[in-house]
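Shown next, in structure tokens, is the structure this report addresses.
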Amino acid sequence: MSVIVLCYRQGEYVGPCLQSILDQTLDAPFEVIVGDDNSPDNSLDVIESFRSRYPDVIKVVSHDTNVGFAANFAHTVSLAKGEYIANIDGDDLMLPGKLQRQLDFLREHPAYGLVVHKMRTVDQDTLGPVSYPLPQKKPATFDAEYLIKNGPYFFHSSEMYRAQLRHRSPVDVGLKSVCDVAHLVQVLVGSQGCYLDEEWGLYRVNRTGMTSMRINNPERHRENMNDMIETCRIAADLGIASDAVNRGRARFYLTSAIFYLEHGREDNFEDCIESSWRAARIGMKQLVLYSMRRWPRMLRTIYPWLKQMAGRQRISA
Numbered sequence: 001m002s003v004i005v006l007c008y009r010q011g012e013y014v015g016p017c018l019q020s021i022l023d024q025t026l027d028a029p030f031e032v033i034v035g036d037d038n039s040p041d042n043s044l045d046v047i048e049s050f051r052s053r054y055p056d057v058i059k060v061v062s063h064d065t066n067v068g069f070a071a072n073f074a075h076t077v078s079l080a081k082g083e084y085i086a087n088i089d090g091d092d093l094m095l096p097g098k099l100q101r102q103l104d105f106l107r108e109h110p111a112y113g114l115v116v117h118k119m120r121t122v123d124q125d126t127l128g129p130v131s132y133p134l135p136q137k138k139p140a141t142f143d144a145e146y147l148i149k150n151g152p153y154f155f156h157s158s159e160m161y162r163a164q165l166r167h168r169s170p171v172d173v174g175l176k177s178v179c180d181v182a183h184l185v186q187v188l189v190g191s192q193g194c195y196l197d198e199e200w201g202l203y204r205v206n207r208t209g210m211t212s213m214r215i216n217n218p219e220r221h222r223e224n225m226n227d228m229i230e231t232c233r234i235a236a237d238l239g240i241a242s243d244a245v246n247r248g249r250a251r252f253y254l255t256s257a258i259f260y261l262e263h264g265r266e267d268n269f270e271d272c273i274e275s276s277w278r279a280a281r282i283g284m285k286q287l288v289l290y291s292m293r294r295w296p297r298m299l300r301t302i303y304p305w306l307k308q309m310a311g312r313q314r315i316s317a
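Counting along the sequence shown from 1, when you hit position 253 you're at 253 in the numbering used here, and nothing is skipped either side.
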């Protein structure tokens, strides 16, 4: 078993994260590989202190420059030697029994290449419960086509998968911000995933940090959108059905159209909603926005009602 920990500027939290991994009871040997992306805080010092105490378990990958999430993940996961790989971000926590539960599932169900689980969303500092926007629909099983069409409904830190499925394709390091869907599609080609409706981890919600900046910054959002469109190309190259890929493109462009509408970027809104419409027809919200694309100011006044009518679309970061 290999546990991949990705860290950037999480000095306050990476210690508890690592301890929650080391506290796991597992009937198989495991390694922990920590990829630190040139954190400007004390993250690497904390990680090195754990390595000094557990030199046979913890390996550290440190970068001299900030290489970004995709490159950090690609390099770190390439070093995994285990038959199974589990992911966790450096500020999240595993609950006791998590690794064994997922390992048992994959051993008992050879048709599945990936197993994920529910996570409790908590305040980053108090660990008190907080809400976080995830899709309400959470099917027990899914495949690559489902994720392209609908997006993930679980967190990166809940994933465990068969290493052979990950190692057969390189992680696309050209993706700047969002590589999770591309990674999942690569793993799931010819396989399927299972969602366990059981809490096996804590996901810290940072209301003002990197995720918040990425969600609310128009330039970062464009970067995210480009990554998701590139993900659709990757899916098409892997043989995912064209209908699923086109619906994925339509969804990603619709998400961006809504984002730009809310931020008053009228030209960007019109471009994105037209691109969404050309890709595929995916629902009433898309139809309304496309039909009224020439009147974006009016749309902004009625959009709160539209959100209530159809539920807000989102890109999972």
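Yeah, the Cβ is synthetic: ideal placement off N, Cα and C, and Gly gets one too.
None of the values given here were measured: they were computed from a predicted structure.
Which same chain residues, not among the five before or five after residue i, have their C-beta less than 7 angstroms away from its C-beta?
i: Ser20; result: Leu93, Met94
i: Glu266; result: Pro296
i: Thr208; result: Because Thr208 carries a pLDDT of 49, less than 50, the predicted location of this residue cannot be relied on, and the following value inherits that uncertainty. Counting only Cβ-Cβ distances below 7 angstroms, and skipping sequence neighbours, we find nothing.
i: Pro304; result: none
i: Ala279; result: Asn246, Arg249, Ala250, Tyr253
i: Glu67; result: In the sequence under discussion, the amino acid at residue 67 is Val, which differs from the Glu named in the question. Within the same chain, Val67 has close Cβ partners Asp37.
i: Val130; result: Thr121, Val122, Asp123, Val205
What is the C-beta distance between residue i and residue j, in whole angstroms, given that I count them as a contact (C-beta under 8 angstroms)?
i: Gly90; j: Ser2; result: Incorrect: roughly 16 angstroms between the Cβ atoms, too far for contact.
i: Gln102; j: Leu26; result: In fact, because the Cβ distance is near 10 angstroms, the residues do not count as touching under 8 angstroms.
i: Ser276; j: Ala244; result: The pair is not a contact, with the Cβ atoms about 15 angstroms apart (cut-off 8 angstroms).
i: Asn87; j: His156; result: 5 angstroms
i: Phe259; j: Ser177; result: Their Cβ separation, rounded to whole angstroms, is 14 angstroms, which puts Phe259 and Ser177 out of contact at 8 angstroms.
i: Phe73; j: Cys179; result: 7 angstroms
i: Phe105; j: Cys194; result: 7 angstroms
Measure the CB-CB distance between residue i and residue j and report whether it falls below 8 angstroms.
i: Leu238; j: Gln164; result: no
i: Arg53; j: Val60; result: no
i: Gly113; j: Gln192; result: yes
i: Val181; j: Pro152; result: yes
i: Leu202; j: Val115; result: no
i: Ile234; j: Asp172; result: yes
i: Ala144; j: Leu175; result: no
i: Tyr290; j: Ile302; result: no
For residue i, report the span of its beta strand (DSSP E) as first-last.
i: Asp36; result: 31-36
i: Ile88; result: 84-89
i: Leu192; result: A quick correction: the sequence has Gln, not Leu, at residue 192. Start and end: 192-205.
i: Tyr161; result: 160-162
Between the options, which lies nearest to residue i when the distance is taken from Cα to Cα?
i: Arg120; options: Tyr132, Arg249, Gly15; result: Tyr132
i: Lys149; options: Leu184, Pro55, Thr76, Asn206; result: Leu184
i: Arg9; options: Val32, Asp143, Asp197, Asp37; result: Asp37
i: Phe142; options: Ala111, Asp56, Pro16; result: Ala111
i: His75; options: Leu6, Thr255, Cys272, Glu198; result: Leu6
i: Arg222; options: Asp125, Lys285, His263; result: His263
i: His109; options: Tyr161, Ala241, Asp227; result: Tyr161
i: Asn224; options: Ser242, Arg204, Ser256; result: Ser256
i: Glu198; options: Ile4, Lys138, Pro55; result: Lys138
i: Leu22; options: Glu48, Pro218, Val57, Ser49; result: Val57
Leaving out five residues on either side along the sequence, give the residues of the same chain with a beta carbon under 6 angstroms from the beta carbon of residue i.
i: Met292; result: Leu299
i: Gly11; result: Asp41, Asn42, Ser43, Val46
i: Arg312; result: Residue placement at Arg312 is flagged as unreliable, the pLDDT there being 46, under the threshold of 50; the coordinate-derived value follows with that caveat. Closer than 6 angstroms at the Cβ level, and outside the excluded window around Arg312, lies no residue.
i: Leu79; result: Ile33
i: Tyr13; result: Asp91
i: Gly35; result: Leu6, Val61, Asn72, Thr76
i: Pro170; result: none
Between which two residues does the alpha helix (DSSP H) holding residue i run?
i: His183; result: 180-188
i: Met1; result: Careful: Met1 lies outside any alpha helix (DSSP H) and carries neither H nor E.
i: Val245; result: 242-262
i: Arg101; result: 98-108
i: Lys118; result: Per DSSP, Lys118 belongs to no alpha helix (DSSP H); it is in the beta strand (DSSP E), 112-123.
i: Ile58; result: That residue, Ile58, is in no alpha helix (DSSP H); its beta strand (DSSP E) goes 58-62.
i: Glu48; result: 43-53
i: Arg220; result: 218-237
i: Asp267; result: 266-279
i: Asn72; result: 69-78
i: Met326; result: Outside the displayed range of the chain (1 to 317) lies residue 326, so it cannot be described from this structure.
i: Ser20; result: 14-22
i: Asn150; result: 144-150
Within its chain, find whatever has a CB closer than 8 angstroms to the CB of residue i; leave out the 5 residues flanking it on each side and keep chain order.
i: Trp200; result: Met94, Leu95, Gly97, Lys98, Arg101, Gln102, His117, Lys118, Met119, Ser158
i: Asp64; result: Asn38
i: Leu287; result: Arg281
i: Ser212; result: Caution is warranted here: a pLDDT of 44 is assigned to Ser212, below 50, making its placement in the model unreliable, and no coordinate value can be reported.
i: Pro16; result: Leu93
i: Phe154; result: Val116, His117, Lys118, Met119, Leu134, Lys138, Tyr195
i: Pro29; result: Met1
How about residue i: is its C-beta nearer than 8 angstroms to some C-beta of chain C?
i: His221; result: No chain C is present in this structure, which holds just one protein chain.
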